[in-house]
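Student: Below you'll find the structure I mean.
Number of protein chains: 2
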Amino acid sequence: MQPSSERSTVRRLPERGAYDRDVIDQILDEALICHLAFETDQGPFAIPTIHARLDDVLYLHGSHASRMMRSTVGEQVCVTVTIVDGIVAARSAFHHSLNYRSVMVFGVPRIVDDPEERLAAFAAITNHVIPGRWDEARRPNEKEDKGTKLLALDIVEASAKVRTGPPGDDAEDMNLGIWAGVIPLALHAGDPIPAPDLGDGIPLPPSVRRFTT
Amino acid sequence: MQPSSERSTVRRLPERGAYDRDVIDQILDEALICHLAFETDQGPFAIPTIHARLDDVLYLHGSHASRMMRSTVGEQVCVTVTIVDGIVAARSAFHHSLNYRSVMVFGVPRIVDDPEERLAAFAAITNHVIPGRWDEARRPNEKEDKGTKLLALDIVEASAKVRTGPPGDDAEDMNLGIWAGVIPLALHAGDPIPAPDLGDGIPLPPSVRRFTT
Chain A
139 MQPSSERSTV RRLPERGAYD RDVIDQILDE ALICHLAFET DQGPFAIPTI HARLDDVLYL
199 HGSHASRMMR STVGEQVCVT VTIVDGIVAA RSAFHHSLNY RSVMVFGVPR IVDDPEERLA
259 AFAAITNHVI PGRWDEARRP NEKEDKGTKL LALDIVEASA KVRTGPPGDD AEDMNLGIWA
319 GVIPLALHAG DPIPAPDLGD GIPLPPSVRR FTT
Chain B
139 MQPSSERSTV RRLPERGAYD RDVIDQILDE ALICHLAFET DQGPFAIPTI HARLDDVLYL
199 HGSHASRMMR STVGEQVCVT VTIVDGIVAA RSAFHHSLNY RSVMVFGVPR IVDDPEERLA
259 AFAAITNHVI PGRWDEARRP NEKEDKGTKL LALDIVEASA KVRTGPPGDD AEDMNLGIWA
319 GVIPLALHAG DPIPAPDLGD GIPLPPSVRR FTT
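Taken in sequence, the protein lines are chains A and B.
If you want our numbering, it's the 1-based position in the first sequence plus 138.
If you want our numbering, it's the 1-based position in the second sequence plus 138.
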């Protein structure tokens, strides 16, 4: 697949670029958070926030009052997600690197007002972080719904960049006797910690139990 | 401590903001990567990259040819690091959240040309990812040094934002019988994978061994 625009074209190490929606979607779905870049009078910001994908749309939510929400409607943004998969230890300092999977999505987000789309997006955001949690939790009430701004960004201008595999040392460094390889990294879940005010006899729900196995 | 500028003031949930350099430095040092936000004619970008801190300076490196390096010299940037510490499962969908520690550093980076500062920064970047690795690896040669652009951003306009602890459910949701709590998350290292072309009899070096214990 070809990139859809100049800015979504991977230029550094283009062999690491990918434009297939399958690759892009899998990374967007796995990454817990994104960083949303936007411009202001004071310069650019990159703010970490939770995202969720539904088909061809990326949803972001926040308070109406937030700088993030006030600065992004009708403006160009860049949403970047990055998953670190490992540390690449090379023989040379220069060839040290990370194995990673990242996606950048560019465009102008729209505000979502439609109640049905909003509810579906809120469900997607909740389930993005804890799959299946939407069906267990108390749904948003009117006040919560009114207080939340929801942005939708079409996944049209997007690219993935992926590094995998061993270090790429230079031929002349092979006999230096220096160890080289990859240290795999992954986000692991620990044992769930019940809220201090959790009532007696409330068992771990299926959505949370899934993290412990 | 007070924020040093308007843009580095945490506005949403200001009780989560911190401006102490100790807090800021600890988060910058622990976070493996940052996202660098900058502006271009085509809109903003947020690009994941490796950073390292030395005292009051944040260093970023890249190829001279990269969009990131060409778009940031003499321009306003925002460097954001985010560490996710846990998933906050509340009784209500609305109060779901993440526990996290993030830092934003704003400013105009300068190019580092001084050979001594460059070497110290390259050492810091290598050791940021694998503490102690600089002393084991082959140092940069002239070609590698010449091919690498190094940026320095003074840590002056910076803020941290931290969420910890249990969910903050509303009083009226306490008796819904829904489980609430935190799922701790942390980046774990797996067993190091030697490079396929690693010579026989080269043991794991101390720097890499530290990840396995």
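The beta-carbon is built from N, C-alpha and C at its ideal position, and this holds for glycine as well.
None of the values given here were measured: they were computed from a predicted structure.
Could you name the residues of chain B that A/Thr353 contacts, counting a contact when the two beta carbons are closer than 8 Å?
Tutor: Look at the range of chain A in this structure, 139 to 351, and you will see that residue 353 of chain A is not part of it.
Student: Which residues, in order along the region 268 to 279 of chain B, keep a beta-carbon less than 7 Å from a beta-carbon of chain A?
Tutor: Hits within the stretch, in order: Ile268, Arg271, Trp272, Glu274, Ala275, Arg276, Arg277 and Pro278.
Student: Would you mind working out which of B/Ser235, B/Gly339 and B/Leu288 sits nearest B/Pro253, comparing C-alpha positions?
Tutor: For the residues B/Ser235, B/Gly339 and B/Leu288, the minimum Cα distance to B/Pro253 belongs to B/Leu288.
Student: Indicate the three-state DSSP secondary structure (helix, strand or coil) for A/Ala318 in the structure shown.
Tutor: Coil at A/Ala318, not helix or strand.
Student: Measuring CB to CB, does B/Ala296 end up less than 7 Å from A/Ala333?
Tutor: Cβ distance not < 7 Å, so B/Ala296 and A/Ala333 don't count as in contact.
Student: Applying the criterion that 16 or more other CB atoms from any shown protein chain within 10 Å of the CB defines a buried residue, is A/Leu151 buried or exposed?
Tutor: Flag for A/Leu151 reads exposed.
Student: Pull up the distance between the alpha-carbon of B/Met242 and that of A/Phe260, whole angstroms please.
Tutor: Those two C-alpha atoms are separated by around 27 Å.
Student: Could you list the residues in the region 167 to 183 of chain A with a C-beta less than 7 Å from some C-beta on chain B, going in chain order?
Tutor: Flagged, chain order: Leu170, Ile171, His173, Ala175, Phe176, Glu177, Gln180, Gly181, Pro182 and Phe183.
Student: How would you write the range of the beta strand (DSSP E) that B/Arg239 sits in, first residue to last?
Tutor: Element bounds for B/Arg239: Ser235 to Gly245.
Student: Is the CB-CB distance between B/Ala184 and A/Ala184 below 7 Å?
Tutor: A contact, by the Cβ cut-off of 7 Å.
Student: Check for me: the alpha helix (DSSP H) holding A/Ser345 runs from which residue to which?
Tutor: Pro344 to Thr350 is the extent of the alpha helix (DSSP H) around A/Ser345.
Student: Look up B/Leu170 in the DSSP assignment and say whether it is helix, strand or coil.
Tutor: Coil.
Student: Starting from the beta carbon of A/Ser230, find every residue of chain B whose beta carbon is closer than 7 Å, and list them in chain order.
Tutor: Chain B residues near A/Ser230: Ala275 and Arg276.
Student: If you measure from the beta carbon of A/Ile162 to each beta carbon in chain B, is any gap under 7 Å?
Tutor: It does not; no Cβ of chain B falls within 7 Å.
Student: Return the CA-CA distance between A/Thr147 and A/Glu153, expressed in angstroms with no decimal places.
Tutor: Rounded to the nearest angstrom, the two C-alpha atoms are 11 Å apart.
Student: What span of residues does the beta strand (DSSP E) with A/Leu291 cover, start to end?
Tutor: Thr286 to Asp292 is the span of the beta strand (DSSP E), which, as asked, contains A/Leu291.
Student: Among B/Gly245, B/Arg149 and B/Trp272, whose alpha-carbon lies nearest the alpha-carbon of B/Leu257?
Tutor: The shortest C-alpha separation from B/Leu257 is found at B/Trp272.
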